[in-house]
Amino acid sequence: MALDTTAPVEGPRKLRVVYGSCPHDCPDCCALETQVDENGRAVSVRGRADHPITRGWLCAKVNRYLERVYHPERLLYPLRRVGPKGSGKFERISWDEAISEITSRWKQIIAEHGGQSILPYSYAGTLGTVQGGVTDERLWNRLGASGLERAICGHAAEEGVQLVVGGRLAPSPEVLVESKLILIWGSNPASTAPHIMPFLRQAQKNGAQVIVIDPIRTLTARSADQHIQPYPGTDAALALAMMYVMVHEGLYDQQWLDAHTVGWEQFLERIHEWTPARAARVTGLAEELIVDLARRYATTKPAMLRLTDGINRHTNGGQTVRTLTCLPAVAGHYGERAGGLMYSTSDWLKWDKQARGHAHETSCPPEPRVLNMNRLGAILTGEADPPVYSLFVYNANPVASTPNVGKIVEGLMRDDLFTVVHELFETDTARYADIILPATSQLEQRDLHKPYGHLTLQYNEPAIEPLGEARSNWDVMRALAKGMGYDEPWLQADVDEIIEELLEASRPQNTSLQGITLERLKAEGAIPLTLSEEEQVPFADGVFHTPSGKVEFYSEQALAKGYDPLPGWVPEVESHVQEREIVPVDERLPLLCPAAHHFLSSSFGNVGILKEKERFPRLWIHPVDAQKRGIRSGQLVRVSNERGWCRLVADVSEEVREGVLATTTVWWPMFSPDQRNVNWTTSDRLADFNGGSTFYTNLVLVEPSVEP
C-alpha cells in the first residue's frame with residue numbers, strides 16, 4: 001500500500017504522499033514521491049530524499065511532470081477517425097465500441113492473412129516491467145502477431161559488450177567518487193543521466209580527472225577537465241591507437257591478460273596496425289593528444305570508462321562499442337573498485353522469460369516472424385511479405401522518433417492499413433490512426449521498475465485516478481484479449497499478481513532478489529538489490545560471463561554470427577573517412593542528433609515551458625562550415641539528402657567541431673518548420689551488430705533556405 005502520511009500545507013490542507021518511480025528511458029530511474037490533496041489531485045512530484053541516487057531532486061524534464069499529466073490536450077476518451085488519414089479529424093466513441101472495432105478487424109485479418117499481419121510497435125514510453133515488458137509480449141504471443149525487434153536504441157552496443165565481457169554489469173554510480181580518472185566516451189550525462197553529475201563533481205573535488213570524448217561540446221564536456229573531439233564514427237580507431245601506445249610503452253599487464261583473456265595474440269596483431277599517426281589521420285586529432293590520453297588512461301587507477309548508447313548509432317556502432325570495451329582489459333582496470341566499465345546495470349537482475357511472456361503456453365502459436373522496428377517505413381511500404389495490415393502503436397511515437405520518417409508516413413497513409421494508437425496526446429503518429437485510445441500517465445498506473453543505471457528495484461503506486469477514460473497499457477491488453485475471446489488467466493491477471501509471479505519465478509536464478517517481496521516493495525517503494533559489497537564490483541573475482549569465463553578479444557560467438565571475430569574499425573557506410581584519412585568527396589557533412597536537455601526522445605515535446613527552454617529546432621554548424629555556405633545564425637536552412645529534407649534554424653557555433661553538424665532531438669514534427677524534423681533525413685539502415693539503429697550515419701547537404 002502507499003505510504004499514507006499527512007503534512008499540513010497552507011493551513012488546514014492535508015496531503016497524502018505516494019511513492020513511485022520515474023518510468024522514462026533514463027538510467028537514473030528516479031524514486032518519486034507525489035503529494036495528493038484531499039480532492040485526489042496531485043499537487044507536486046519530487047524526488048525521494050532517501051534514495052541513494054535520486055537524493056531529493058529531479059531532472060528538468062520530470063520536474064514538469066504535472067504539466068504533462070494535467071496538460072489541457074490530454075486524450076480522455078477513445079476516438080475514431082472520420083476524416084482522411086492524417087487530417088486529425090476524429091469523433092468520440094465508447095471503449096466498448098473501440099474494443100469491438102479493433103478485435104473485429106483483427107479477427108478478419110487473422111482469418112485472411114494470419115496473425116503475422118498484425119504488428120505491435122512500441123518502445124520506451126515507459127520502462128515498466130508490466131506496462132512495458134509484459135505488455136510487449138503476452139497478448140501478442142497469444143495472438144500470433146509478428147514479433148518486433150526493439151532495436152532502436154542500444155542493440156548494437158549491447159551485443160558489443162556481451163561479446164567481450166558477457167554481461168551488462170556496471171557498478172552503481174556512487175562509486176565514481178572513488179575513481180581517479182573518468183573517461184566519458186560519446187555520452188552526455190548532464191542531459192541524459194543527470195544524477196551522475198553530483199558524483200562526477202565530487203570525484204573532481206577529490207582530484208579525479210574527467211575527460212569527455214565527443215564531437216560536440218555538450219553540457220558535460222563544458223565542465224570536464226579535458227574535451228576531445230574526434231570525427232564521428234572513428235572512435236574505435238582512437239581506442240585501437242590508445243592500445244597501441246599501451247603495448248609499445250609496456251603499459252599493460254601481460255600476466256593478467258594471459259590469465260583472463262582469450263585471443264590476445266590475435267588482437268595484438270590488429271593493435272599493431274594502429275599507430276597514433278594513422279589514428280590521427282582518421283580521427284582528425286593530434287597524434288600527441290592520442291599518446292597523452294593513452295598514457296593517462298593506462299597509468300591512472302582506478303579509471304572508469306563510461307559508455308552509453310549514443311555512440312552505437314552508426315553503421316560501425318557494434319564494433320565501436322566492442323573495441324572500447326576492450327580498453328579496460330588492456331589497461332588492467334577490470335575488477336577494480338571504481339574502475340572498469342560503466343555501461344548498464346541491466347544484467348544484475350534478469351526476469352524469468354516464461355513468466356513474463358507465457359510464449360510456452362500451448363494456446364500460443366509459434367512466433368511467425370520478427371520485424372525490426374528501425375525498418376518500419378520499409379515494412380509498411382512493401383518490405384514485409386505478407387504485408388502488415390494492422391499496426392498497434394503504444395509507448396512510442398514513430399512519426400517523430402523513428403528513422404526515415406518519410407517512408408513511415410507513406411506507409412501510414414495506406415488505405416488497407418488499420419492503425420491503432422494508444423497515447424496520452426494526439427501526437428504526429430496518432431494523427432494517422434483509425435482508432436486512438438487514451439493512455440494513463442505514470443501517476444495513474446501501477447508498475448515495477450528495474451533500472452539500468454543503478455541497483456535499486458522500485459514499485460510505482462498510482463497516485464491519482466485515471467483522468468477521463470484513460471486506461472493503462474496492461475488494462476488495454478486485458479480488454480483486447482477478452483474481445484478476442486481469449487480466456488487464459490495470465491491474460492487477465494492484475495498488475496500485482498503479475499509482479500508476484502515474476503518475483504517468484506525469477507528468484508531461483510537471481511540471488512539479488514533475496515528478501516525482496518511484493519509486500520516490501522509496496523510498503524517501502526524502493527529496495528536495493530541484494531548484492532554483497534564484493535559482488536557490486538563487476539568481475540572482481542576475475543570471472544567474466546562469456547562462454548570462456550574470460551575477456552574475449554577473439555570471439556567464436558562473433559564469428560558464428562557473421563561478424564569479424566576480432567574488434568576493429570571500418571569506415572561508416574556514409575562518411576568522408578576512408579581507411580587512412582578524412583577525405584571529403586562532396587559538400588555533405590555528417591549530422592549528429594543527440595538528445596535534447598528538456599525532452600526525453602519525444603516525451604515532454606509538447607510541454608510548453610520545456611519547448612520554450614529548447615527554444616526552436618536548431619542546427620549547430622561550425623563558423624568555417626557556415627562561412628563556406630553563406631549561412632548565418634538565426635537563418636532558416638534546408639537540410640537534405642536522398643531520404644528527405646527538413647528545415648532548421650542555424651546556430652553558428654564552435655560547440656561542434658569543424659566538418660560536423662548537430663541538432664538535438666526529438667522535436668515533434670508538428671512544432672517544427674514544414675512539420676518535419678531531422679528524422680526525415682536519418683537512415684533506416686541497420687548497424688553492423690544485432691540490427692541496431694544508425695541515426696548518426698547521416699550525410700546531409702545544408703544550404704540557406706529559400707522561403708516558401
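Heads up: the sequence shown is residues 1 to 708, going by UniProt numbering.
We put the CB at the ideal spot given by N, CA and C, even for glycine.
Exposure label - residue i; buried when at least 16 CB within 10 Å
| i | result |
| --- | --- |
| Gln675 | exposed |
| Asn39 | exposed |
| Arg217 | buried |
| Ala111 | exposed |
| Ser122 | buried |
| Gly691 | buried |
| Gln514 | exposed |
| Thr362 | exposed |
| Ala303 | buried |
| Arg685 | buried |
| Arg68 | buried |
| Glu519 | exposed |
| Pro669 | buried |
Where residue i sits in the DSSP three-state scheme
| i | result |
| --- | --- |
| Glu386 | The sequence given here has Pro at residue 386, not Glu. It is coil, neither helix nor strand. |
| Trp140 | helix |
| Pro708 | In this prediction, Pro708 scores a pLDDT of 46, lower than 50, which makes its location untrustworthy; the coordinate-derived value is nonetheless stated afterwards. Here Pro708 sits in coil by DSSP. |
| Asn606 | coil |
| Arg471 | strand |
| Trp274 | coil |
| Gly340 | strand |
| Ile435 | strand |
| Thr664 | coil |
| Leu600 | strand |
| Val476 | helix |
| Pro560 | In the sequence as presented, Pro is not what sits at residue 560; that position holds Ala. If DSSP states are grouped into helix, strand and coil, Ala560 belongs with the helices. |
| Val656 | strand |
| Ala279 | helix |
| Tyr297 | helix |
| Gln627 | helix |
| Arg615 | coil |
| Gln354 | helix |
| Ile379 | helix |
| Ala523 | helix |
| Val537 | coil |
| Met670 | helix |
| Ile290 | helix |
In DSSP terms, what residue i is bridged to
| i | result |
| --- | --- |
| Val245 | Partner(s): none; Val245 has no beta bridge. |
| Pro547 | Note: Pro547 sits in no beta bridge, so no partner. |
| Pro120 | Phe392 |
| Glu552 | Val262 |
| Asp447 | Asn460 |
| Val45 | Thr34 |
| Val702 | Val639 |
| Met304 | Ile182 and Gly340 |
| Pro528 | Thr456 |
| Ala595 | Thr665 |
Endpoints, alpha helix (DSSP H) assigned at residue i
| i | result |
| --- | --- |
| Gly20 | Unbroken run through Gly20 is the beta strand (DSSP E), Arg16 to Ser21; no alpha helix (DSSP H). |
| Pro590 | Per DSSP, Pro590 belongs to no alpha helix (DSSP H); it is in the beta strand (DSSP E), Leu589 to Leu592. |
| Leu502 | Val495 to Ser506 |
| Pro328 | Gly317 to Ala331 |
| Val573 | That residue, Val573, is in no alpha helix (DSSP H); it is neither H nor E in DSSP. |
| residue 712 | Because the chain here runs from 1 to 708, residue 712 falls outside it and cannot be looked at. |
| Leu285 | Unbroken run through Leu285: none, as it is neither H nor E. |
| Ala60 | Per DSSP, Ala60 belongs to no alpha helix (DSSP H) and is neither H nor E. |
| His155 | His155 to Val165 |
Range covered by the beta strand (DSSP E) that runs through residue i
| i | result |
| --- | --- |
| Arg375 | From DSSP, Arg375 is part of no beta strand (DSSP E); its letter is neither H nor E. |
| Asp651 | Trp645 to Val652 |
| Gly147 | Gly147 to Glu149 |
| Arg618 | Arg618 to Ile621 |
Counting only runs of 3+ residues fully inside the segment 191 to 263, write out the beta strand (DSSP E) ranges in chain order. 209 to 213 and 226 to 228
Taking only runs of the beta strand (DSSP E) that begin and end inside the segment 398 to 430, which ones reach a length of at least 3 residues, in chain order? 418 to 423
Identify every run of the alpha helix (DSSP H) within the segment 62 to 132, keeping only runs that are complete inside it and at least 4 residues long; order them along the chain. 65 to 69 and 95 to 113
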